[in-house]
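Okay, structure first, notes after.
Now the structure itself:
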């Protein structure tokens, strides 16, 4: 899987480089092909994560709100950037190496999200487009502090999560309808992260980190683009990530306009 992911990223990078050897149907200048597409994005996903050498699992639920900017350099090649806010919920993380054990059940923790995406069309067959796309996201969580209950003395626990997500793979897009197009993509999708917990009980202090790795790596994505006008469109995606004894899900909605 790692070799597959590396190959897809390398292919995307190479396709972004100018290459006179690729046959072109027509000459397109940078200025004539440039389109700018700002928009707003909502995403929700649930990923099953493992920790302590895959002995235990926890559900990572995240709700993401972001502004994105897509730049279509010419038809079939675009790059995007996004920035926003995310709420992450970690269920049943247990920290045993602190002065006192802590089982995390804290609800959503806020944080910031930054990312970039690239999409490259390779060729067309009738109304079908074949290409490659990839995305990288970085989540920087904010610290959250809780009071440690059940003790005769005061104590606090402070947690800070971070995670990253990278996916890449091929897609097939059907554009046979006037205002509606759909696509199917198969990605190698890896999300990995870390949760750091610090505890202070009077003069006692301790820090413990949990490294989180995903159970699901293959992402089957089905998407639809609804073009309401030449300048406004809506996109919806469903992500299905199966693994040996279950399945993770994700949903994306984007509203954008272009000029």
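In my numbering, the protein residues as written are 7 to 265.
Note that CB positions come from ideal geometry on N, CA and C, so glycine has one too.
- For residue 263, the CB contacts under 6 Å within the same chain, skipping 5 residues up- and downstream, are 237 and 238 in chain order.
- Boundaries cannot be given for residue 236, as no beta strand (DSSP E) includes it and DSSP labels it neither H nor E.
- For residue 103, the three-state secondary structure derived from DSSP is coil.
- Across the set 168, 230, 223 and 151, the C-alpha of 230 shows the shortest separation from the C-alpha of residue 182.
- Note on residue 184: under 16 other CB atoms within 10 angstroms of its CB, so exposed under the neighbour-count rule.
- A residue is called buried when at least 16 other Cβ atoms come within 10 angstroms of its Cβ; residue 187 meets this threshold and is buried.
- Beta bridge pairing from DSSP links residue 186 with 232.
- Beta-bridge partners of residue 214 (DSSP): 203.
- Cβ neighbours of residue 226 within its own chain (closer than 7 Å, five residues either side excluded): 192 and 246.
- In the DSSP annotation of this structure, the continuous segment of the beta strand (DSSP E) that includes residue 123 starts and ends at 114-131.
- Distance from residue 171 to residue 143 at the Cβ level is roughly 4 Å; contact confirmed, criterion being Cβ atoms closer than 8 Å.
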